[in-house]
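When you number the sequence shown by my numbering, it's gap-free, plus one each residue, and the end is 1814.
Here a beta-carbon is modelled for each residue, glycine too, at the ideal position from N, C-alpha and C.
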Amino acid sequence: MPEILDQARTQVLENGVGLDEAGALAVLNLPDEQLPAALQLAHEVRMRWCGPEVEVEGIVSLKTGGCPEDCHFCSQSGLFTSPVRSVWLDIPSLVEAAKQTAATGATEFCIVAAVRGPDARLMKQMREGVAAIKAEVDIQVAASLGMLSQEQVDELVDMGVHRYNHNLETCRSYFPNVVTTHSWEERWETLRMVRESGMEVCCGGILGLGETVEQRAEFAAQLAELDPHEVPLNFLNPRPGTPLGDRPVVEGKDALRAIAAFRLAMPRTILRYAGGREITLGDLGTRDGLLGGINAVIVGNYLTTLGRPATADLELLDDLKMPVKALSATL
């Protein structure tokens, strides 16, 4: 077994201390023949420090398209020629989406808006939507509304939003190649306020944006420093009309190496399968990732791309004898 896996077995599995940037890079550079051992170790780490349960989440877009930011991977930007046009979701549709999500056994429902940050109209619709969902559906509500002010953070807490998603997307050194209309530091500041408010922090990113392997290791270390409750791992699904629309998809083995590396860097974090896993990993790779450190999934479709049917993921979890996390009101 390579030296880095021996080190990780003691440091991460036995002591619960995540790998640093150099350690994550060593895992990302493991040869193919060592990948099964890395995934097995990552699975053991997940089982020891997180347990066997898998958290299932559904997401819906309250406001889709027409975003003023220039995130180069995103078809919801109003600055590109991508096909997503601006549309708002009404409150009854939001409640129905939450009901459908809960019916899959999911415990988490995330309301997402394609905006730089929420305005008064969006915050009003969020307040009405969260109240309507809580009145009819037994599910926890999360939100992803872009960059926040302190007043907006406080308002979301008051609404009963228990987790906030705001992805850093990529490492600090590569971020200016992906977004120019705001900074990595602005995103970090929103995450700081969310953490201090008591809401759970959900923060991840997208692999395959053109970053180097070294920058993936940098990103893993920066996420570990933030210590989010949850890290959604996306793999670029290139969208026509965006600046990254012609990027190749991440190779399956590289995606699995990243899953192992991020788990070994963050042994106690919820590591969630998010967008792009269908084209990057397929069915077999999805199974490998669940046996290699992943302990949460988004079921159904994503914001602008199709996912696996929820039934396919739930059947796979049942086949792997991985229990779906029960709803808890004590978070």
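- By the CB criterion at 7 Å, Met1606 and Tyr1647 fall outside the cutoff.
- Inclusion of Val1578 and Ile1542 in the CB contact set at 7 Å is not warranted, their separation being larger than that value.
- Taking 7 Å as the cut-off, the Cβ atoms of Leu1719 and Gly1759 count as close.
- In summary, Leu1803 is exposed, with fewer than 16 beta-carbon neighbours lying within 10 Å of its beta-carbon over all protein chains present.
- Secondary-structure assignment with DSSP links Cys1685 through a beta bridge to Asn1648 and Glu1713.
- Between the alpha carbons of Cys1654 and Thr1695 lies a gap of roughly 10 Å.
- When the alpha-carbon of Gly1629 is set against those of Val1636, His1649 and His1645, the nearest one is in His1649.
- The C-alpha of Asn1512 lies about 10 Å from the C-alpha of Ala1741.
- Residue range Ile1574 to Ala1586 is occupied by the alpha helix (DSSP H) that includes Leu1577, with no beta strand (DSSP E) assigned at that position.
- Arg1599 and Glu1516 have their C-alpha atoms roughly 43 Å apart.
- Taking 7 Å as the cut-off, the Cβ atoms of Arg1746 and Leu1754 count as close.
- Cα atoms of Asp1771 and Val1495: separation of roughly 20 Å, rounded to the nearest angstrom.
- In this structure the stretch 1496–1505 lies against the stretch 1697–1707, because at least three pairs of beta carbons, one per stretch, are closer than 8 Å.
- Of the residues Glu1638, Cys1593 and Ala1589, the one whose Cα lies closest to the Cα of Ala1603 is Glu1638.
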